[in-house]
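Going down the list, the sequences are from chains D and H. Residues in the first sequence are numbered from 438 upward in steps of one, following the numbering used here. Residues in the second sequence are numbered from 438 upward in steps of one, following the numbering used here. This report concerns only the one structure given below.
Number of protein chains: 2
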Amino acid sequence: MMFRMLLFITLSFIAVISVDFAQATCGYKSCPATVPGMLNVHLVPHTHDDVGWLKTVDQYYYGDRNDIQHAGVQYILDTVVSELLKDPAKRFIYVEIAFFERWWNEQTDKMKGLVKQLVNEGRLEFVNGGWCMNDEAATHYNAIIDQMTIGLRFLKETFGDCAKPRTAWQIDPFGHSREYASLVAQMGFDSLYFARLDYVDKATRIAKDRMEQVWHTSQSLGSTSDLFFGALFAHYGPPKGFCFDTSCNDPPIMDDPNMFDYNVDERVALFVKLAKEQNATYRTNHIMFTMGSDFQYSNAHMWYKNLDKLIKYVNAKQNETGVHALYSTPSCYTKNVNQVAKNWTTKSDDFFPYADHPHAFWTGYFVSRSALKGYVRETNTLLQICKQLEVWGSVLPGLKLQTNSDYLKKAEAVAQHHDAVSGTSKQHVADDYAERLYIGRTQCKSLIGSVLGNLMEKNSSVPAPTPEFCDYLNVSVCPITENSPEFIVTAYNPLARAVTTIVRIPVNFNYAVTGPNGKPVTSQLQDVSMGTKEVRRSHGNASKELIFPITVPPLGFSNYILKVLQKGEAKASILPKVYKPQSDEVVENQFLSLTFDGSTGLLKSMTDKRTKSSMAVSQSFHWYESSTGTFLSPQASGAYIFRPTQPTPKPLFDGTSVGMTVIKGPVVTEVRQQFQPWLSQVIRLYPNKEFAEFEWTVGPIPYKDEIGREIITRFDTDLKTNSTFYTDANGRQMLKRILNHRADWVYVNSDPTSGNYYPINSRAYIKDDTKQLTVLTDRSLGGSSLKDGSLEIMVQRRTQHDDSRGVGEPLNETGQFGDGIIVRGKHSVLFTSVATAAATHRTLGEEIFMAPLLSFSKWQPDWATKFNTMKSMVSASLPSNVHLLTLEEWTGDTVLIRVEHQFEIGEDPTLSQKVKIQLKSLFQPFGVTSLNEVTLSANEALSDEKRLQWNINDSPVPTPPAVKPDPVPSSTLTVSLTPMQIRTFVATIKRTN
Amino acid sequence: MMFRMLLFITLSFIAVISVDFAQATCGYKSCPATVPGMLNVHLVPHTHDDVGWLKTVDQYYYGDRNDIQHAGVQYILDTVVSELLKDPAKRFIYVEIAFFERWWNEQTDKMKGLVKQLVNEGRLEFVNGGWCMNDEAATHYNAIIDQMTIGLRFLKETFGDCAKPRTAWQIDPFGHSREYASLVAQMGFDSLYFARLDYVDKATRIAKDRMEQVWHTSQSLGSTSDLFFGALFAHYGPPKGFCFDTSCNDPPIMDDPNMFDYNVDERVALFVKLAKEQNATYRTNHIMFTMGSDFQYSNAHMWYKNLDKLIKYVNAKQNETGVHALYSTPSCYTKNVNQVAKNWTTKSDDFFPYADHPHAFWTGYFVSRSALKGYVRETNTLLQICKQLEVWGSVLPGLKLQTNSDYLKKAEAVAQHHDAVSGTSKQHVADDYAERLYIGRTQCKSLIGSVLGNLMEKNSSVPAPTPEFCDYLNVSVCPITENSPEFIVTAYNPLARAVTTIVRIPVNFNYAVTGPNGKPVTSQLQDVSMGTKEVRRSHGNASKELIFPITVPPLGFSNYILKVLQKGEAKASILPKVYKPQSDEVVENQFLSLTFDGSTGLLKSMTDKRTKSSMAVSQSFHWYESSTGTFLSPQASGAYIFRPTQPTPKPLFDGTSVGMTVIKGPVVTEVRQQFQPWLSQVIRLYPNKEFAEFEWTVGPIPYKDEIGREIITRFDTDLKTNSTFYTDANGRQMLKRILNHRADWVYVNSDPTSGNYYPINSRAYIKDDTKQLTVLTDRSLGGSSLKDGSLEIMVQRRTQHDDSRGVGEPLNETGQFGDGIIVRGKHSVLFTSVATAAATHRTLGEEIFMAPLLSFSKWQPDWATKFNTMKSMVSASLPSNVHLLTLEEWTGDTVLIRVEHQFEIGEDPTLSQKVKIQLKSLFQPFGVTSLNEVTLSANEALSDEKRLQWNINDSPVPTPPAVKPDPVPSSTLTVSLTPMQIRTFVATIKRTN
C-alpha cells in the first residue's frame, strides 16, 4: 500500500513539471531513453481508423451507426489527447489526417495550443500523415502523391516541422507495392511498417531472420530510394492477452493484493515470455508491440491505465528478466534499431499478392467495384485539370473564382483509402465515396468552366459563356448537345504536349464541324448502338454520335464549332459503311491490321504493319465461378478474396458467333461484338493511332441463380512467353511476374489462378524475343498470364457471398434499378516490337491517363471573332519522356510543380536518357523566378532531408548508385531528370500580365 | 462556425472560474437553477453498478472477464471524475459504496482532494449510499440496516455531511418492500425512486396520475415514516434514442454542418417530443431523464460530450418549445417537485410481486439459491455476535484482537445486493459471495474465539484455550468433537435475554454432560441418521449425535463439559426409543400434540394443548414443473421468474408411506419421514418448546430428465382463511395478502400460482377467527396460500432453462460433485390461538434469528475451577418486546446501539405497549455516559434531521400521527420505545474495569 502511494506521488510530480517542457525537442530527439543491455519493448499506442469501410468517414468520425461498428474517432482523439496531457511519458501515434482535420476544426484555440505542445514534444506523433492510409494495389501514383501531400501539408502548416512523419505505416493494406515504397522513400520517410504479407512469406521471414530488411524500391532511382521496412509480428494488434481497449476482453492489470484476482505476477510473466518470443525473430534488442487496433482508444484511459501498470511492474522485474518496457513510437523504434550496428539484407520485388491462408488470396479487390475504380481514376484526371486551371485562374486578371479544388482534393484523397478504391467497403460507404467525388467534381467543373470561359475571352466587355460538362458522354448522354442546332465543344489538354484524340458527341442531327483554325473537320455520324441505348437506360435521347478528331495544344484548349447542316449544305458528316461480314474480315489503319474470324466474329490475328510481324490472337471473355467454400476450406470468393471454383474459367462466347458488325468510316472503324445479352464489345481503329481500342460493356451480371461471377477478358496469342508477364505498379514501374513463382520464398501453388493474379493499375504486357502485346487499362484492375502467350484481365466481379474478412456483405452491386450495374471500360491494345514498346505505351499511357476534358457552350454569332478558339499556357511542349505531374496553387506567390521522367532505366535507347527542361519561362501566364526543390511530398526542403542510413551486407540484386538530382541553375531554372525521377518544386512565380 | 467557437470560449471560461467554487454549497443548495415557466428536464447522469451479478464484485471493479460483460467500475469513476472536474455544470450520482471504496483506496491524496471538492459542490452526489443497492425481497432488515450503515458511514467519514444521500435509489430491485421504504424513511431519506413495478400497476399509475405518491410505510410508526416515492418512466435508462454510452448505438449529436449526417434539428425535435410525452404522466413541470444504465460511463466523455451538445441545442430552442434541459440529480429533482405546490395521493401496501409481462412474475428469486440464502442469514447472526464480541474485546484489558469484523461486515453487505441473496447471479458469482462470507466468518470466528477465551479467563496467568468452531453441525460434522474423550461446548447468546435451546453434537461415544453450574445435564444419544450421513458425504465420521439442552445468559456464554463415560459410570446419555409405528402415532409435549397417520406416515392433525383446540393438517412436499415456455409466451421459469407449467403442483409423496420412524427420548422426540430418495424430513418436539420443528433435506433434485423442479412444503389445514394469508416484510412488519387481489389496481390473474407468491423472509401465517398456524423460516423463501386453509412455502428450485432476464444461466446448482446440492433447513411451526400468536412468534422469531453460537475447546483438568463457565455482559435482561438490534464498536470511546420494539401496534395487548429500558448501566463491562441519538443509519444526529414535507390530499388509509421519540433523560439514559420503533444511539462509554 505504501509503495503504491509513493508511486502516485511520483507520477503527479512528473505531471506537474510537464508544464515546463516548453522547449520543443521533437523528432528523434524526443525519443524516450532505452536500456542498452536489455530487450527494449517499444509499446506503441495506436489506433487504426479506416477512412470509411463499414461506415462512412463521417459516421466513423462522429461514432454514428454504432449498430454497424462501434467506432467514433472524435472520442479517440478527445480522450487520447486528454491522457497525453496528463503524463509526458505517454506516447500516441496518429495516422489519418482526414479524421484529424475534422477533429482539429472543432477544437478551441486553447486545446489547439495544448495539442501543439504534445506534437512539439514528440508525445503525439504523426505517422504516414497522408489524408488516409492509401491502398497500394488499386491506387495510381499520382493520387497517392496527392493524398499524401494534402495530409502532410496540413501537418506542416498546422504544427510546423515537428509534426513531420518519419515512418510510413501501412499496417492494414492488403499487400505492398514496390512503387509505393519508392514514393515513400522519395518523400523522405525513414521506415515503412506493415502487417499483411503472404503467410508463407511471413513464415519464411521469421525462419530466416528477415522480418526487417532494406528494400530496393526502384532500379532506376538506385539507393536513393532504398527503404528500411519491417513486417509486424502480431498483425497490427497487441500481443495476445494485452488488449486493454473497450472492445477487448483481456484481463486488466489487477494490482490490489487486497482484492481477489490479483494478477500482476502472472501478467508480467506472460508479457516477458511474449516479448522474448517475438524478439527471437528480430535482429536487435528492440521490438515493437503495437498496442492498439481498429478504432481503438475511444476510451484511451482504459488503455493507458493498464499500460502504466504494465510498464511499472515489468520494469520492476527488469533486472531479473532483462526486459525493459517503454512508451514509444515507430520512429523512435526505427531510430533505436538504426543505432544498433547491424548489416541488413535486402529485398527487391514487391509483396503481391497477399494470402492469409491457403485458398485466401486477396486478389479479388484488385478488381472489386471496377466502376468505382474507373470513377476514381477519371476523377483524378479532372482534379489535375482543376488544379491547373486554378493556377491559371489565380493569375487571370479580374477573375474571382467561386469554388476551389479543396473539396475534390479531399474527396479524391479519401477515395484512395484501402477500403475505398479497393472496392472493399460496404455498399452504402461506396456510395458515400462516389457522392463525395461527385460533389468535388461539381465544384471543380464550376471552377474549370469559369477559367475556360475567361481564357476564351478576348475582351472583358464581351464575356464568353461558361462551358458546361457532360459526365455521361461514354453512354452518349449530354443534354446540351443532344438537341442544340449549334454549340461549341471545348477541349482542355492537361498534358504539356499537344494531343490529338477522337471525340464522340451525342447528337440527333447532322453537323458541320469547324476547328479552332476555322477549317472544317472531317466527322463521322453513326447511330448510337442499341447496346449503348440500353446502357444509358432512360437518360439522354441522342440517336446518333458525331465522331471527329480534335487537336489540343499543350496545357491549353481548343474550340470546335458544331452547326446543324441546312438541307443540301456541304461539309456534312460522313455516314459510315455498316455491314455484317460473312467471312474473315480485316480492319486496319497505318499501324495495325486486325483480322476477325468470319464465322465466330472473334479477333483472330494482329499484324504490326511497321514490322510486318503478325501474331495469332484470339480475344474473348470468360468467367470464373466464385467459390462458396469447399471441403478444403470454407473460404468464399468476395470483396477481398478471389477464389474461383475451378482454375480454368468458363467461356462467355457460346461457340457460335458474336454477331460481328463492322462500321467503317473515315474517323473510326468499329467492330461490334455481342457475347451475351449483358456483355458486348466494340473494337476500334483510328487513323494515326497505334492502338486498337477494346471497349467492353459488362452487366448487369446475371445473379438470379445465386452464382457469383467474375468476368475476364483474355488475349490468347501464339507468343512464347516462358511463363513470364509484366504488370505495372501504381501506373509507374513495370514489374516482371513469373507464373507460380516468388522471388523471396518457395511458392506453394494452392490456388493456381488467384495465386498468380497481380494488380494491373495501368498496363500489362507479354512478349517474346521480338513481339510484345501491351494492354493499357483505363482503371485499376487485376490479371495474370496463366498459360504461355495468354494475358487475362478481370474486368468486373459480382459475388453472392461475403468472404469473411469483415466487410460483411457479398460484393453484389445491385445499382439503382436493383438488378445490377453496368460497367463500360476501355483497353488500349498495342502490338509492337519489344524495342519500341515502351516508347509507345509510356506516351500512350500518359495520354489515356490525362485525356483532354470536353466541355460545351452555347453558340454565339461571330464566335471565332469574339473569342479565343485555342490557347496554350506554355511556351513550348515538354519532351515526350517528361510528364508534368503536378501544377497546383501553393501559396500566394508560389505554385507546386512536379516534373517526372516517365521512362524506366533501359526501357528505350533514347527516351530513357537523362533529359533537361527549362522552367523559367515555360508557362505563359507567369514566369518562374526561383525554384525551391522539396521532397516528393513537398513538406521539406530537399536540402534539409536527412534520411537514416542503413548498412547492407547482402544484396542479391546489386544496389544501383544513388541518383542525386542535378543542381538547378538559377539563371535558366533548367531541371534535369533521370529515368523515373520526379522532382518537386515550390516555384515562386511572377505574373507576366 | 463562429457560433461554435464562441461557445467553446465560454465553456473554457467557466472551467477556469470553477476553481473559485471553494465554498461548499452542498445539499439542496447546490442544485442547479430551473426555469419556472418551462418543462424542466432533469438529466441525471448515472451508472448502475451491480455489486456482483454476471461477474464478481472484484471482476466488475477492475473490468476483468469482459468476455462475460463489458463492465469496469474503475474506469467509470476515473472518467466520470475527470469529466466532472472539467465543468462545474456537470452532475453525476453514484450509488454503490462497495465499488466506490475500492476506487477511493487507489486514489492519490491530490485526487481525493479534488473529489471532495466535487462532493462539496454537489457535482458528485451519492444516492442510496449503502454498500450495495440491496435486494428488497430476500433481505432481512438487520442486514439492510447494516449494509446501509457501513456505506453511509464511509461517506460521512470520508466527505462529511455534504455527502449525505437524500434520495433512495432502488432502480433495479425486483419489487419493493414496504419495510424497506420504512427503514429508508427512518434513515432520513427524502425520496425513493425505482423502476420495476408490475406492468399493470405501472399502466394504472400512468393512467391515474400516480407515478409519484407519498407512501405510508408503517402503521405503527405513522407519518414519521411517510416517504415520497417515484416510479421511473423509461425503466432506468435514457429515453429511447438518447443513449450515448460506449455500449449503445444511438446516433450522437452531429452538429458540424460541413459534415454529412448533421442531425441537430431532428435530435432536438425528438428530445422535446419525448420530454412532453413523459411529462404528460407526471404532475409537475419537472421530469427526470435517467441518462445511464448498467455499468455505463466507463467512457464518461462520450456521454457528457453529447449531453453538452443536447443541452445546448435544446435550450437554444426553449423559447419556442418551452423545454429546458439541465444536468441534475434525483435529489435536486425531488427538491424541485417538492417546491411545486401540490397535494399528493398516498399508498400503503407494497410492490410485490413484480411482473414485467403476463407469465413473467419475478417470484422465483424469493427462493432461488435457498442454500445461499440460508448461509447469508446464518452469517448475519455470526456478524452480530462478532460485533458484540468486538465491543467486549475492546474493553477487556490486555486483549489485542488480531482480526476485526470489517471483512465480514463488507462481505455480508455485498451479499445483500439484489443479485446476491436474491439468488440471481451466475454460479461463479454466487460462489464468490459465499467465499467472501466464508473468509469474513473465519476472521470473525478468530475474533470471537479470542474474546470468549479471554472472557473465560479468571486469571491472566492461566490462559484459557481459544474456542474453535464447527460450521457443519447441521450435518453432524465437527472434527473437534467427533473423537475427543473430553471437550467443552461454549455457547454464546447474542440476545439480551437468557435462552434455553437444544444442541446436537456429533460424537462417537457416550458422554456425561456437566452444565456451567457443575450439575449434570440430561442428554440423549442417538445414531446419526442415514440421511445425514449421505448429506455430509465424505466429511465427518460421527456415528452419533449427543443432544442436550443448554441455557445461556443474556449477552453471555455458558460452558458445558462433555466427558466420555468410563464403563459402568453413571450419568450416561439416555438412548431413545426407536420404532416404526404401524398405526396412528401421537407425539407431544406440554404445548403441542401431533398426530401422524399410521398408514402414510404424514402429519394428520395438531392440537394446541393449552386451548385444547385442534386442527386437521396434512403436511407434505410437492413440486412445480418449471415451464420452458408455452404457446402463450416463451417465458421459461428461471432464477428470477417462477413460471410453473401448471397452477397445481405435483405431489412428492408417492401415496403409500413416508416410512415414518419415531425416535422418542427425554430431550427430543423425532419423527423421520422419507418422501423421495432425495427428500426427507424430521419433525421434532422438544420439552418446553412451543413449536414443532420441521427439518427438511432436499436434494440433489433430479435433473437428468432435463425437467426443472421447484419444491414446496405445504400445510393443508381445515382453517377457514377466507383467501387471506400473512407474510412478513424483511423479517419485521407483517403484511396481509389476499389471493388474486391487489390493493391499488385491478389484478389480472394470468398466473394463478406465481402471481400470488410473496416473499417470506422470516414467517408466514394463516388463521381463522381463533386459531393460527404460523411457520417461521430460517432463511428467506417465498410462498402463498393458494386455497383456503393451505400454506405453502417453496424451499428450493432447480431449473434447466434461463429465464431471459440477463443472468444467462439456468438456475441449476450442480455443486462440487456435479449432481446437485443438498439443502437442509428448518421450519418452526406454531399452532396457537390468534390472541397469543404474536407474543409467541415474535419472541421465537428473535430466538431463531439470533440463535446461540456454539464453539468448542479442548478440555483441561480443573476446568470449572480455573475458568469462568458462564458470564453475562448485562446487568439485567431486556423485556421480551425489546430487541437489542445493534451493539457494535463505533469510535474509540463510543459504541453504536440500536434498540428496537419488536412488536407492531395492536399485535399483543401487553407487548405492543410502549416500553422503557435503561441504558446507563445495562452493560457490565462499561457504563454509558451519554447517548447521542442518530437516525437509523447513524449518519446524522436525529436533532439535525430535516426531511422534506409533503402535502397529502387523499389518504384512503388514514395517516397515523407521527411517532416522536421521547427525550432520553441524561440521568438514567432511559429509552422508551413504541411499537416497531428502532432508536439508534452513538453511546459514549466509560470502562468499568
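C-beta atoms are modelled at their ideal positions from N, C-alpha and C, and glycine is treated no differently. All values derive from a computational prediction rather than experimental measurement.
If we define contact as Cβ-Cβ less than 8 Å, is residue i a contact residue for chain D?
{"i": "H:R539", "result": "yes"}
{"i": "H:P689", "result": "yes"}
{"i": "H:E543", "result": "yes"}
Are any of the Cβ atoms in chain H nearer than 8 Å to that of residue i?
{"i": "D:S730", "result": "no"}
{"i": "D:K742", "result": "yes"}
{"i": "D:T1093", "result": "no"}
{"i": "D:S1317", "result": "no"}
{"i": "D:S735", "result": "yes"}
{"i": "D:H738", "result": "yes"}
{"i": "D:D1330", "result": "no"}
{"i": "D:D1165", "result": "no"}
Could you check if residue i is buried or exposed, using at least 16 other CB atoms within 10 Å of its CB as the buried criterion?
{"i": "D:F596", "result": "buried"}
{"i": "H:E872", "result": "exposed"}
{"i": "D:Y498", "result": "buried"}
{"i": "H:F1254", "result": "exposed"}
{"i": "H:S1380", "result": "exposed"}
Starting from residue i and walking both ways along the beta strand (DSSP E), at which residues does that stretch end?
{"i": "H:F529", "result": "F529 to Y531"}
{"i": "D:F666", "result": "D663 to A668"}
{"i": "D:I1100", "result": "T1098 to K1101"}
{"i": "D:P411", "result": "This structure leaves residue 411 of chain D out entirely; chain D is present only between 438 and 1430."}
{"i": "H:R1335", "result": "T1331 to H1338"}
If I follow the unbroken alpha helix (DSSP H) through residue i, where does it start and stop?
{"i": "D:V1185", "result": "Here D:V1185 belongs to no alpha helix (DSSP H), and DSSP marks it neither H nor E."}
{"i": "D:D583", "result": "Y578 to F596"}
Legend entry - Contact list for the region 486 to 515 of chain D against chain H, Cβ threshold 8 Å: T493, D495, Q496, Y498, Y499, G500, D501, R502, N503, D504, H507, G509, Q511, Y512 and D515
Inset, instruction - Check whether the region 1012 to 1031 of chain D touches the region 1113 to 1133 of chain D, counting contact only when three or more Cβ pairs, one atom from each stretch, lie closer than 8 Å. - result: yes
Legend entry - Given 8 Å, three or more beta-carbon pairs between the region 928 to 941 of chain H and the region 1301 to 1318 of chain H: yes
Legend entry - Under 7 Å (Cβ pairs) to chain H, residues found in the region 662 to 684 of chain D: T683
Legend entry - Interface positions of the region 517 to 529 of chain D facing chain H (Cβ-Cβ less than 8 Å), listed along the chain: S519
Legend entry - At least three beta-carbon pairs within less than 8 Å, the region 476 to 491 of chain H to the region 752 to 765 of chain H: yes
Legend entry - Touch test, the region 830 to 843 of chain D against the region 876 to 893 of chain D, Cβ-Cβ under 8 Å, three pairs minimum: yes
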